[in-house]
Each structure stands twice: as C-alpha cells, then as structure tokens.
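Protein chains in written order, with my numbering: chain A, 4 to 73; chain B, 302 to 704.
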C-alpha cells in the first residue's frame, strides 16, 4: 500500500523530529522548516512516515492512503 | 521476557544528593558504561542514556506515555505536555501561533528593552569592577518578564509569580524521591501550585469580562477553549509560566557558568559574534537545564534490544543523550564551533518544547548584550546548586568582569 504525505509549512514549528525519524521523506530548509522530498511512499517507509507524523509537535504532517478521493 | 532478550543491569543511584546536582555527568557515564538500559532500584525506573534510544522513546507516543500524574500534581490539571491526542493538538493549537519563529521576530525590539532594563543596572556595576551575584541580577528576571508580558500580567505581580514558580518546581524535585525530603518538597510544591492556580483563575475571570490583546485572551477566544475544562485551562496557563520562566532562566545561568569556566570559548565567541546562536545551542547540548523526562511503557516493549515490562517508568536522560559518544565527537568537550543540531535539550517529538524559539531569541539578545557590555567575565565564587531534580541550574554564584 502506498500513502500520500502532506506537510503544512504554516503549522511547522521547526522541531526537526521528522527528519530524524524519516530522513528519506523529510528535510529542513535553512530556517528549520519542513521540506518534503517526496509526497508518496510505500513499503517499510510508510511506518517511518507515520512515526514522523505522530511525533510532529505542530500537527503539520498528514499521512493518508493514496488513490482515494479526498 | 523472550529468551533472546538481554539482561538489564541493576544500579542503585543517589540522584538527589548535593554532589550529584553539582555534577551529574560522572553518574550518567557510570550508568552508560553498564549498558543502554539500566534498572535503578532506588527510583524503580529504567534509565536510558543513548541518543537514539532517548529520541526514539520521546518521539514514540504510541508506545510511551507521558507521566500524567506528575504534571497533574505540579499544575493542578491536564496540560499539553502530558496530554495524548487529540487533546494535545487541541491545546497546542490554542497557543502555537504565538511561539512561531517568524511571529517571534516581531518581539525582538520588546525583548531588547526588557534585557536593557532588567540587566542594565548589574552590567553597570560589573563594568565598574564590582562582583555581582549572577542568578538574581542577570538570570532570574528576563524570562519571567517575557512570559508575563505575553500573557498580559501586571508587572507588579512578577515577584509573587517568581516565588510561586520556584516553589512549584519542588514537585518535580520530589518526584521519585520517597524519602522525608521528597515528602517535604512535594507538600511545599503543591501548596505553591494551588496559589498559582488561584492567581490564574483571577486573570481568566478578568479577561473573560474584558478581553485584551494578550495570550490569555486569545486562548479564551479560541474555538478549542470549549473543548478544554476550566481546571485544565488554568493548569495549562500555569505550565506556560513555569516552563517559560524556570527552564530559560536556568539555561541562562548555565550559559554564564559554562562560558565563564571555559574562557577560550568565550574569547572565541567575543571575537566572532556570528557564533552566538550556535554557542547557545552548544551550551544547551553540553549542559541542558532539563536533565531528563519520565515516560511509561504502555505495553511490554523493547528498548535497545532489552525487554521492558508494561507499566514501567523510563527515565529518559536527555543530558546523557546529549553526550553520547555515538552521536558526537568528544561529547564532554564544550566546543561552540561544532554543529549541535539535534540535541535533546528541548525534548524530541510531539512534546518538544513549545517555547523553544522564544527561549533561543531571548537568550541570543541577552548574551549579545552581556558580551557587548562586559567582553569577558569570570566566576568569582563557588557555585550553589540548590536541591536536585529534573530541572538543574545554578542557584547562586558571583561573577566579575575578566581583567
């Protein structure tokens, strides 16, 4: 199953946990705000992306099953 | 426990002794040498010291619960620091915008004025060659003025708030200390917490009747205010005061000490002020005011390949993680030129410090003013640390301008 990832930069608080927990998907810009490297992942990365979403202090990251109408 | 699981070594600490609070790092290294997870019989907790393990536990709210009882005892209700979702996100959203780095830049000028008025007189005395008690003259007043202004509180109430906030800290100092000392501290801490609750109730009643442009009014007007009980709202505001003041003022004392005791680092910073932000982060890595946090295992879980039983308390030692040799080279060395990004001083994951960008900005403006006025300084007395606990910082020490 693949999932679609969104990161709301206006809710990002520059905590940086996402890049530690899921470095293949999340990066930080020079202000420490989140940058998405990819917006869709599958396989073992799904859990890492979900961990990053759970650990976000600003509730800025969403992980949703892809291919579904939103 | 599964057959392959590794044994967890036992240890009996004395984490509340005066020797420990003066320098807890040898104890942390002793525990680290025993293994990544060590059972401390005297506290009935599992002590975790590795960087990756500490970050994983703090970041994994599905497996590891915050210590709700501690925070309810300290603040009188559920606060976001201890809440699970959805409550955590609802509470955090009520205050989050005031603590965003871009929004905080607008407070630069205000913070500059607070720094000038609060430490100006002490800087003059130091400039004239006097010795000055650093904690009361340079560290205690800036963070409390900042948070009081943000919340819209009267400046004349600040001495009372300072007193109550200091006493409330005794709840944290007493946690996991079952001795008579712990009991004494706990009673004093809870009494202070109740008085601070009463003060906050008065502020809330006033802002309900006459809303203003302050954070308390914004919290009351936020759509989520209806989802939060009155008592939890009171507790949450108390937590903003305590966390905004106690940790930042202790970190400022630790910065003064660290740089005063490492004159070559202070000189480096004085000669290259672009290192200011990095120097503050590095001191925070090297000697964080929040030494550790507690977490509970929601189910039997695995930490560093060791099985930890359901319901166990874990002592996640951020101060030890910040000196993990697997994460940093020469971790016991203060080096303001290193990149300390990722240190756990502000925590990690969902409960990362709400006010971290405010603390950084306050300290940057404060330290810049100190260096401009004094150049370099030195420590002129022994350091008093006060009682040990979760939050550590010097209680009294004297400084003078370096000759």
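Using N, Cα and C, we set each Cβ at its ideal position, and we do this for glycine too. Since the structure is predicted, the reported quantities are computational estimates derived from the model, not experimental observations.
Closer than 9 Å to the CB of residue 400(B) there is at least one CB belonging to chain A. Chain order gives the chain A residues near residue 356(B) as 23, where near means a beta carbon separation below 7 Å.
By the criterion of a C-beta distance shorter than 6 Å, residue 380(B) is surrounded in its chain by 372, 536, 537, 540, once the five residues flanking it on both sides are discounted. For residue 390(B), the neighbours in chain A by C-beta distance under 8 Å run, in chain order, 62. Each of 635(B), 361(B), 598(B) was checked against the Cα of residue 613(B), and the nearest Cα belongs to 598(B). Between the stretch 518–536 of chain B and the stretch 392–409 of chain B there are three or more inter-stretch CB-CB distances shorter than 8 Å, so the stretches are counted as touching. Within chain B, 642, 643, 649, 653 have C-beta atoms less than 9 Å from the C-beta of residue 19(A), given in sequence order. Think of a sphere of 8 Å around the beta carbon of residue 361(B): the chain A residues whose beta carbon falls inside it are 54, 57, 58, in chain order. Ranking 655(B), 452(B), 377(B) by CA distance to the CA of residue 497(B) puts 377(B) first.
Here residue 581(B) is not near residue 634(B), since their CB atoms are 9 Å or more apart.
Under the Cβ criterion of 9 Å, residue 658(B) is counted among the residues facing chain A. Taking a cut-off of 8 Å for Cβ pairs, the stretch 359–366 of chain B and the stretch 51–58 of chain A touch, as three or more such pairs fall below it. Interface annotation for the stretch 393–421 of chain B against chain A: 393, 394, 397, 400, 401, 402, 403, criterion Cβ-Cβ distance under 9 Å. Inter-segment contact for the stretch 460–474 of chain B and the stretch 409–426 of chain B is absent: fewer than three beta-carbon pairs are separated by less than 8 Å. Between residue 49(A) and chain B, the shortest Cβ-Cβ separation is not below 9 Å.
Using a Cβ-Cβ cut-off of 9 Å, residue 32(A) does not count as an interface residue toward chain B, since no Cβ of chain B sits closer than that to its own. Listed in chain order, the non-local C-beta contacts of residue 489(B) below 8 Å within the same chain comprise 468, 471, local neighbours out to five positions each way being set aside.
In this model, residue 17(A) and residue 568(B) are separated by some 30 Å (Cα to Cα). For residue 16(A), the nearest beta carbon of chain B is closer than 9 Å to its own beta carbon. By the CB criterion at 9 Å, residue 665(B) and residue 576(B) fall outside the cutoff. Residue 436(B) places its beta carbon less than 9 Å from that of residue 697(B). For residue 678(B), the uninterrupted beta strand (DSSP E) run begins and ends at 678–680, by DSSP.
Residue nearest to residue 439(B) within the set 669(B), 485(B), 481(B) is 669(B) (criterion: CA-CA distance).
Setting aside the 5 residues that flank it on each side, residue 486(B) is surrounded in the same chain by 471, 472, 474, 475, 478, 688, each with a C-beta closer than 8 Å to its C-beta; the list follows chain order.
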